[in-house]
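Reading through the C-alpha cells given below for one structure.
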Amino acid sequence: VTSGSGASRIAADPRTFRIRPRIQLLALGRAIAGWGSAAGTPSRREELPWRATRDPWAVLVSEVMTQQTQVGRVVPAYRGFLRAFPTAVACAAAPLEEVLRSWRGLGYNRRARNLHLAARAIVNDHGGRVPDDVRSLEGLPGVGTYTARAVLAFAFERDVGVVDTNAGRVLARAAAGRPLRRAESQAVVDAMVPEGGGWRFGQALLDLGATVCTPVPICGACPVRRRCRWSASGRSEPDPARGSSGVSRGQSRFEGSDRQGRGRLVDALRDGPLAEREVASALGWPAEGARAVRVLAGLVADGLVVRGSGGRLRLPD
Ligand code: SF4
1270 VTSGSGASRI AADPRTFRIR PRIQLLALGR AIAGWGSAAG TPSRREELPW RATRDPWAVL
1330 VSEVMTQQTQ VGRVVPAYRG FLRAFPTAVA CAAAPLEEVL RSWRGLGYNR RARNLHLAAR
1390 AIVNDHGGRV PDDVRSLEGL PGVGTYTARA VLAFAFERDV GVVDTNAGRV LARAAAGRPL
1450 RRAESQAVVD AMVPEGGGWR FGQALLDLGA TVCTPVPICG ACPVRRRCRW SASGRSEPDP
1510 ARGSSGVSRG QSRFEGSDRQ GRGRLVDALR DGPLAEREVA SALGWPAEGA RAVRVLAGLV
1570 ADGLVVRGSG GRLRLPD
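Structure representation (C-alpha cells):
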C-alpha cells in the first residue's frame, strides 16, 4: 500500500493495463461505485448492519462470519457476538469456550478459534487496536488477502480493491472478458478503485456480483452492461468467470459430510461435556465408530475440543 494524499491505495501493477487500458478500468470502477450509491448499497444497508459501522473490530468480525455462512444466518449471530465481545480486548480476555458458544449456528468453528487468536494477537502485538496495513492484517490468524483488504476498505475506507467469489465473476466478465488468475483479479480491481471511493466501490462491486452478475447473469438489469467486455462479445462461451481463480464452483455436499459431524459435536459440547463413548451418537453416526474417532482427532488437533478431567470431552478454555 502506498500513501497518497489522504487515502492510501495499492500501487497499480502496470501489467494490468495489458488486460485493459487503465482509463477503461477506472471508468468501469466509477460506474460500479455510482450504481452502488444510487441503488445497490443503500438498499442493503439495513439488511447488513456492518455497513453502518466503520469500527475495525466489528468489520473484521463481519468479514470472518460472512466468509462461509449465508448473510441471513450471520446477521443475528453478528449482533450477539458483538454484544458479548464488543472489542478485540474483550474477546481476547474471554475463554475460547465462550467464543465458541457465541458462534452457534454459523458452522466452520475453526473461524471462531482463529478470530479468538486474532483478538489475542491484536492485544499482544498491536496495543488492542486492529492494525491498518495489509502486512499486519495478513499476519493475524485466519486473515487472508480478502479479509485484510476488506478491513482496509470497509473499516479504514482505504482505496484498495476487494475480491471475493462474487466480485471475481464481475472482474472476469466485465473488466477482462477472459478468465483471470488470482493475482490478475487483485491487480485489476486495485486499478478500478475510484480515488477516495474504496468503501463505496467495494460494497457496490460485491453487491453487483451477488445480485446481478450472478452465476447465471441478469445482463438486462446490469448497470455496467455498456462497459462489459463479455457482454460486448455477445457472451461467447465459455463464460470467463468459470475458469477464473477464486470463483466458487459451489460447496461440497454438507449432508452426511465430516463437516456436518464436526458441527454437531461442537454443538453438543456447547451444552456441556461428553464422554468419549457418546461421540459417535453426537456426530450423528452411532454405527460408525472408526469415523467418529477420526473426526474427533481432527477437532482435537484443531484445538476445538479438549479432553478434560476424567477423559470427558469439552470445549477448550
Ligand atoms: S453485463 Fe452481464 S456479464 Fe457483464 S457485468 Fe453485467 S451482469 Fe455481468
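Counting in the working numbering, the sequence shown runs from 1270 upward without gaps.
C-beta atoms are modelled at their ideal positions from N, C-alpha and C, and glycine is treated no differently.
1) Straight-line CA distance for Val-1462 to Gln-1337?
2) Can you tell me the Cα-Cα spacing of Glu-1367 and Asp-1540, whole angstroms?
3) If you drop the 5 nearest sequence neighbours on each side, which residues of the same chain put their C-beta closer than 8 Å to that of Leu-1584?
4) Nearest CA to the CA of Leu-1317: which residue from Gly-1430, Arg-1389 and Phe-1423?
5) Are Leu-1568 and Arg-1531 closer than 7 Å when you measure CB to CB?
6) Considering only their Cβ atoms, is the gap separating Arg-1447 from Pro-1509 smaller than 7 Å?
7) Output the distance between the C-alpha atoms of Gln-1455 and Val-1333, rounded to the nearest integer angstrom.
8) Is it true that the CB of Asn-1435 sits closer than 7 Å to the CB of Gly-1478?
9) Alpha carbon to alpha carbon, how far is Leu-1565 from Val-1548? Give it in angstroms, no decimals.
10) Measuring CA to CA, which of Gly-1305, Leu-1294 and Thr-1285 is closest to Arg-1496?
11) Could you compute how far the alpha carbon of Ser-1274 sits from the alpha carbon of Ala-1302?
12) Would you call the CB atoms of Ala-1388 and Ala-1357 closer than 7 Å?
13) Helix, strand or coil for Leu-1543 per DSSP?
14) Pick from Thr-1480, Glu-1464 and Leu-1384: whose alpha carbon is nearest that of Arg-1299?
15) Determine the DSSP secondary structure at Asp-1508, reduced to helix, strand or coil.
16) Please classify Ile-1391: is it buried, with 16 or more other beta-carbons within 10 angstroms of its beta-carbon, or exposed?
17) So, helix, strand or coil for Val-1403, using DSSP?
18) Between which two residues does the alpha helix (DSSP H) carrying Leu-1552 extend?
19) Hey, could you find the ends of the alpha helix (DSSP H) Asn-1378 is sitting in?
20) Taking C-alpha atoms, which residue in Trp-1372, Gly-1341, Arg-1342 and Val-1340 lies nearest to Ala-1353?
21) Roughly how many angstroms lie between the CA atoms of Val-1485 and Leu-1421, to the nearest whole one?
From the atom records:
1) Going by C-alpha positions, Val-1462 is about 25 Å away from Gln-1337.
2) Rounded to the nearest angstrom, the gap between the Cα atoms of Glu-1367 and Asp-1540 is 11 Å.
3) Scanning its chain for C-beta atoms nearer than 8 Å, with the 5 sequence neighbours on each side dropped, one finds around Leu-1584 the residues Leu-1365, Glu-1366, Leu-1369, Arg-1370, Val-1535, Leu-1538, Arg-1539, Leu-1573, Val-1574 and Val-1575, in chain order.
4) Closest in alpha carbon position to Leu-1317, among Gly-1430, Arg-1389 and Phe-1423, is Phe-1423.
5) At a Cβ-Cβ threshold of 7 Å, Leu-1568 and Arg-1531 count as neighbours.
6) Yes, these two residues count as a Cβ contact at 7 Å.
7) For Gln-1455 and Val-1333, the gap between their C-alpha atoms comes out near 19 Å.
8) A contact, by the Cβ cut-off of 7 Å.
9) Cα to Cα, the separation comes out at about 8 Å.
10) Ranking the options by Cα distance to Arg-1496, first place goes to Leu-1294.
11) With a pLDDT of 39 at Ser-1274, under the threshold of 50, the modelled position of that residue is not reliable, and the figure given next carries that caveat. If you take the alpha carbons of Ser-1274 and Ala-1302, they lie about 20 Å apart.
12) The answer is yes: Cβ separation under 7 Å.
13) Three-state DSSP puts Leu-1543 in a strand.
14) Comparing Cα positions, the closest option is Glu-1464.
15) Looking at Asp-1508 - three-state DSSP - the assignment turns out to be coil, as it is neither helix nor strand.
16) Residue environment for Ile-1391: buried (at least 16 other C-beta atoms within 10 angstroms of its C-beta).
17) Helix, per DSSP.
18) Boundaries of the alpha helix (DSSP H) harbouring Leu-1552: 1548–1552, taken from the DSSP string.
19) No alpha helix (DSSP H) contains Asn-1378, which DSSP labels as neither H nor E.
20) Minimum Cα distance to Ala-1353 is reached at Trp-1372.
21) Answer to the nearest angstrom: the Cα atoms are 30 Å apart.
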